[in-house]
Amino acid sequence: MRVLERKMLRDLWQIRWRALAVALTVASGVGIYAGTGMAIATGFHTRDVLFQRMGFAELEVQFLPEDVTNLPDLTAVPGVHAIERRLVLPGTVFLPDHSRIAGVLVFLETVPPTIDALEIAAGGPLRAGDFESAVVERSLATFHGFGVGDRIRVQVGEKTYESRIDGVVISPEWLIVTANPDYFVPEKGSVGVVFTSLTRVSDALGFTMVNDLLFRLDPGADARAVKDAVITRVGRLNLERVIAKEEHFIWRHMQLTLEAFQVYVPSLVLMLGSLSFVLTFITVHRLVLDQRKEIGALLALGYGRRRLLGAYLTAGALLGSGGGVIGIGLAFVFRNLYAATTADAIGLQEVIPVVVPRLLAVGFAAAVIGTMAAAALPVARMLRLPPQAIIRAPVSERAGFEAWMRWTRWSMARFPLPVRFGLRNMIRRPGRTLSTILAIGFSLGVAIAYVMSLTSALQTSEQVFAREGWDLTVDFLYPVPLEDLAPIRALSGVTRVEPYFRRFAEIGVGGRYESVKILGVPREDGMKRTVLKAGRALSGRADELLVSQDLARRLGSGSVTGSASGSGAGGNSSLPSSASPERSSRVRS
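In this note's numbering, the protein residues as written are 212 to 800.
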């Protein structure tokens, strides 16, 4: 080993604790960059694996209940591989403590289903020939205390279905639940889902009635063309929604959650990278100042400037490599921590981790290059001077601070002796004191900024809903005349009822189509707060509408009246417009 390299290793050992602080800071940046990147990749991978394993429906068609004999033949549609039919009815689940929550009763024609398949978490599968047999989605077991063998009651309209729980299952379409899918605010345990056999109602009715079709497509099939063909053939049905896989609530929620998480990563990595660069620069700068005479003597003895610069670059590379190696280990810790936290927040019970070598390599390379650059800057600046100027005693660090120091010494006279002693040591080296304060500020700023931004994101939806003027939404299966709302208006505690109309539709601009929900709302100031972002408000004409911001962005269209945002525009693309038939209502209590 050459003399300069031995000297550099000896110097690093002398400042080993400061060097360790630099390496750990670099490791934090590498670990967060690669760890969060792999956590996001883990989220997408987990979603894709679970959906593929459980046969998540690639297309779903919802409509008002209809006899299966009146349904068109959809098996001949090009690209359709398989179809399964269900009857899905909203209801109320009675909990063991006699309270109630919103519920969904799913009557399965295919038992066990192969599309949106049910994985058994406890107990056994649904018994097709047993009219009392039912299985419940795991939220009822996890959050409400139901178990295998318990009895459960679900009220649908005026009829109550009482069943025996034979199993607890995991369903891909209910991995994340929300009390109302029109509002993009999931809440674990807010909906109770019960699965039972369709023959249970078919036997009582004398015919088979369904309102939900699940599709599996052929590999490589054009999903858009299949969707268009299916909509054409079921056009005479009273459609509720046509949902492609990418438009399903759980798919979009996970997509938006993980994409939102990606927004924080660059700023967080940038702050940590800046912190590690500053710490490395300060550390090497102090080392260079302390070894000023040694550097000048080495130049005078004939050592070239490139060799000296190379020695400090080697020191920077050692710090970066050490931090990079530690950071790679931390990346797996951060990946597991972030992935598990995100999964728990959105209700996923399983995490399938992945390793992304590209992120590890980029993080390691950035750590080495960054520390080498930070180590080279103070040395390169000094090496521009001749040896005599380098050996000469440096200008006092206190130059330029004399007036401030005189005022500080005068003001310190009132402080106790221990305080004066500490302050005096700080003002003797104001440059180092300032750099230390900046380093601490950077460190605290990273954590505080992350917590504040994350808290702001989490509280945004709460604050948006807090500004809404309604307390409860009621959805009806069929359009209801205005006079039928009188019993609701007469309820104790209800001060105002505002009806609106909602229906599935598609909107197309320039050959681009999106599935939407038309919301017919009153033009006057209502309970729902809609913020106009562009264009003009509704004037009452029959051919005008407002579109949500995300829909306008996806369509890339300026040929609409305007765009709006509100609490109801986040979960599903919506089109507020004027309408008179009423199908839903909001209630203020």
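Each residue gets a CB set at the ideal place from its N, CA and C atoms; glycine is no exception.
- For residue 507, the enclosing alpha helix (DSSP H) covers residues 503 to 511.
- The residues 350, 354, in chain order, have a CB closer than 6 Å to that of residue 400 in the same chain once the five nearest residues on each side in sequence are set aside.
- A direct Cα-to-Cα measurement between residue 701 and residue 685 gives close to 15 Å.
- Counting of Cβ neighbours within 10 angstroms places residue 671 among the exposed residues, the total staying below 16.
- Note that the segment 520 to 534 does not touch the segment 267 to 279; fewer than 3 beta-carbon pairs, one per stretch, sit closer than 8 Å.
- The Cβ atoms of residue 363 and residue 376 sit closer than 8 Å to each other.
- Counting only runs of 4+ residues, the alpha helix (DSSP H) found wholly inside the segment 296 to 376 occupies 349 to 355, in chain order.
- The criterion of a C-beta distance shorter than 8 Å is satisfied by residue 420 and residue 278.
- Listed as beta-bridge partners of residue 407 by DSSP are 318.
- Nearest in C-alpha terms to residue 280, of all of 311, 584, 417, is 417.
- Among the bridge pairs identified by DSSP, residue 712 is matched with 731.
- Between residue 263 and residue 319, the alpha-carbon positions lie close to 20 Å from each other.
- In the DSSP assignment, the residues bridged to residue 719 are 724.
- Contact annotation: the segment 290 to 307 touches the segment 422 to 431, with at least three C-beta pairs closer than 8 Å.
- Counting only runs that start and end inside the segment 414 to 443, the beta strand (DSSP E) elements of at least 3 residues fall at 420 to 428.
- Below 8 Å, enough C-beta pairs join the segment 528 to 537 and the segment 579 to 592 to call them touching: three or more.
- The C-alpha of residue 660 lies about 22 Å from the C-alpha of residue 491.
- Counting the other CB atoms within 10 Å of its CB gives residue 327 a total of 16 or more, which places it among the buried residues.
- For residue 277, the secondary structure class from DSSP, reduced to helix, strand or coil, is strand.
- DSSP lists 271 as the bridge partner or partners of residue 454.
- According to the DSSP assignment, residue 748 belongs to no beta strand (DSSP E), since it is labelled neither H nor E.
- Here the segment 715 to 724 makes contact with the segment 441 to 460; the two share three or more CB pairs at distances below 8 Å.
- In the DSSP assignment, residue 401 falls outside any beta strand (DSSP E) and carries neither an H nor an E.
- Residue 590: not part of any beta strand (DSSP E); member of the alpha helix (DSSP H) spanning 568 to 594, first to last residue.
- By the Cβ criterion, the segment 535 to 552 is in contact with the segment 235 to 254, since at least three pairs of Cβ atoms, one from each stretch, lie closer than 8 Å.
- In terms of Cβ geometry, residue 337 and residue 323 form a close pair [threshold 8 Å].
- The way I'd put it, the segment 219 to 233 doesn't touch the segment 547 to 561; fewer than three beta-carbon pairs between them come closer than 8 Å.
- Listed in chain order, the non-local C-beta contacts of residue 589 below 7 Å within the same chain comprise 492, 495, 496, 499, local neighbours out to five positions each way being set aside.
- Only residues of its own chain outside the window of five on either side were considered, and among them 542, 570, 571, 574 have a CB closer than 6 Å to the CB of residue 245, listed in chain order.
- Residue 258 and residue 740 have their C-alpha atoms roughly 34 Å apart.
- Annotated as distal: residue 248 and residue 469, with beta-carbon spacing of 8 Å or more.
- For residue 757, the enclosing beta strand (DSSP E) stretches over residues 757 to 759.
- Residue 593 is not a Cβ neighbour of residue 602, given a cutoff of 8 Å.
- In this structure, the alpha-carbon of residue 347 lies about 20 Å from that of residue 460.
- The alpha-carbon separation between residue 767 and residue 745 amounts to approximately 14 Å.
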